[in-house]
Amino acid sequence: MTFPERFSNLPDYAFPRLRALLADLQPGLAPGESPMILTIGEPRHPMPDFVGPVLADSLSEFAKYPPNEGAPELLAAIGGWLDRRHGLTVTPDRLMVLNGTREGLFNAALALCPETKAGQRPAVLIPNPFYQVYAVAAAAVGADPVFVPATPDTANLPDYAGLDPALLDRVALAYLCSPANPQGAVADRDWLAQVIRLAERHDFLILADECYSEIWRDAPPPGALAVATELGLADRVVMFNSLSKRSNLPGLRSGFAAGGPAQIAQMRRLRSYAGAPLPLPVQRVSAAAWGDEDHVAASLALYQEKYRIADAVLGDIPGYRAPQGGFFLWLPVADGEEAARLLWSRAGIQVLPGAYLARAVDGVNPGAGFIRVALVADADQTRAALTRLRAVLYDETGG
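Mapping of the sequence shown onto the working numbering: residues 105 to 503, in sequence order.
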């Protein structure tokens, strides 16, 4: 199969699809109202106040080639955070700096997926719905993507343990996302331990996407690498995190991967040929961000306030599930595309149809009856938008 053929079955990315869906409509706004764009997960809380000074102090380092795997100071800062947050002692050879987690989640498949597994094409497990880079990564390595429903029936987490053992023997990689995008579900330690033991039994690797880990309702979500380490199976997990959501720095494009030395060595080897290291001034800002928790706590308090607003405005809607982490609402509707058009034409609110974040399996798309709403605006804007959304989708139509 050629490289273009591997991508021939991929649908357009979600946001071009949304633009096409709404192209014939004008936003319906009352006098004095402004459009509310609640589609993209771009944090709008203040970025840390030290970003400018640290960047300014290191501007001369734009004249230097940066180390590909990360400057020692940044690796030390990430290691310190992993210790404080997860109780992990992670040596620098188990870390790699990334241009955000998307780069790592894609390139990990290129570096770590074998050409065959159990004498057959490898399979890659993907929760459905999901962050779309998982499917593109599977396509890039010529693996069979296995889209596993993550619906209210399974607490919005994929039931990997319920798959056919013969299929699991072909699995090379399994993507996890906790807190989940888009549903906001959090995998507890028991769930993670079950999946990690499954990976050990069937000899596959877990790629744990934890970029929303610092946005939570009641308690910090457990990390897959920490649970794997407790089980003595640390080499079964590569975890990914970034500063985009944690520190409100999506434009910095700074994240990391942490895993076993063999896995990280393979990822570093690929990156030395095909990756772009972070400029040193960006690495200096990143080190400062991983070393500071005050700005993270302030941002978390803002998200928790918006959880309370969402619960108050929408909590009595049939099928409403309060997110346990992340900053998305995953709201039940009769049809996600119809709901998106209705909200834009009547209230000037843009949301993302859930079907655009999922794949149809056996004719069923598990995202079709949902919309994703990003809680990235401030509290007052969030309350106003959700109130308008409720009036259009639920009070007027009955849900």
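All C-beta atoms in this analysis are idealised placements derived from N, C-alpha and C, irrespective of residue type, glycine included.
Residue i and residue j closer than 8 Å at C-beta
i    : j    : result
A407 : L329 : The residue you asked about is not Ala; residue 407 is Tyr in the sequence shown. Not in contact: Y407 and L329 (Cβ atoms no closer than 8 Å).
P383 : P171 : no
V245 : P231 : no
V155 : G174 : no
S358 : G204 : yes
A181 : A391 : yes
Y557 : L214 : This structure does not reach residue 557, given that the chain is present from 105 up to 503, and the question cannot be answered.
R487 : I413 : yes
Q236 : Y117 : yes
A276 : F308 : yes
L493 : A464 : no
N345 : C315 : yes
V417 : L497 : no
A142 : Q454 : Per the sequence shown, the amino acid found at residue 142 is Leu instead of Ala. In contact: L142 and Q454 (Cβ atoms closer than 8 Å).
Y411 : R321 : yes
L229 : P385 : no
N469 : M371 : no
R188 : G363 : no
W448 : L126 : yes
D248 : L280 : no
A366 : D398 : no
G429 : I319 : yes
A278 : I310 : yes
L114 : A243 : yes
R293 : V342 : no
P152 : D396 : yes
L159 : V400 : no
M140 : A495 : no
Paired residues, beta bridge with residue i - DSSP
i    : result
R476 : W434 and L456
V275 : A227
F251 : I230
L280 : A312
G429 : W320
M140 : I453
K168 : Looking at the DSSP assignment, K168 forms no beta bridge with any residue, so it has no partner.
V468 : V465
Buried or exposed (CB count within 10 angstroms, at least 16 for buried), residue i
i    : result
A405 : exposed
P326 : buried
T195 : exposed
G458 : buried
T350 : The displayed chain sequence assigns Arg, not Thr, to residue 350. That one is buried.
F119 : exposed
R373 : exposed
T333 : buried
L179 : buried
G379 : buried
Y377 : exposed
P436 : buried
P147 : buried
E219 : exposed
D484 : exposed
K221 : buried
G502 : Legend: pLDDT at G502 = 48, less than 50; position of this residue unreliable, no value from coordinates given.
Y169 : exposed
S317 : buried
A361 : buried
A270 : exposed
A402 : exposed
F431 : buried
S282 : buried
S348 : buried
G208 : buried
R123 : exposed
Y440 : The amino acid at residue 440 is misidentified as Tyr; the sequence shows Gly. By the neighbour-count rule (16 or more Cβ atoms within 10 Å), G440 is buried.
R305 : exposed
P262 : buried
beta-carbon residue i near the ligand PLP non-hydrogen atom, thresh 7 Å
i    : result
E177 : Of ligands this structure carries none, so the ligand PLP is not represented either.
Neighbour flag for residue i against chain D, beta carbons, 8 Å
i    : result
G183 : Absent from the structure: chain D. Only one protein chain is present.
Between the segment 257-266 and the segment 215-228, can you find at least three pairs of beta-carbon atoms closer than 8 Å? By the C-beta criterion, the segment 215-228 is judged not to be in contact with the segment 257-266, since fewer than 3 inter-stretch pairs fall below 8 Å.
In chain order, which alpha helix (DSSP H) runs of at least 4 residues are fully inside the segment 174-206? Within the segment 174-206, the complete alpha helix (DSSP H) runs of at least 4 residues are 176-190.
Those runs of the alpha helix (DSSP H) which lie wholly inside the segment 367-419 and span at least 4 residues: Annotation: the segment 367-419 contains the following complete segments of the alpha helix (DSSP H) (minimum length 4 residues), in chain order: 384-394 and 398-418.
Assess contact between the segment 432-448 and the segment 293-301, defined as three or more Cβ pairs (one per stretch) separated by less than 8 Å. Is contact present? No, the segment 432-448 does not touch the segment 293-301.
Curious, which full-length beta strand (DSSP E) runs of at least 3 residues does the segment 299-371 contain? Entirely contained in the segment 299-371, the beta strand (DSSP E) runs reaching 3 residues are, in chain order, 309-313, 341-346 and 359-362.
Quick one: any contact between the segment 418-434 and the segment 470-478, if contact means 3 or more CB pairs under 8 Å? A contact exists between the segment 418-434 and the segment 470-478.
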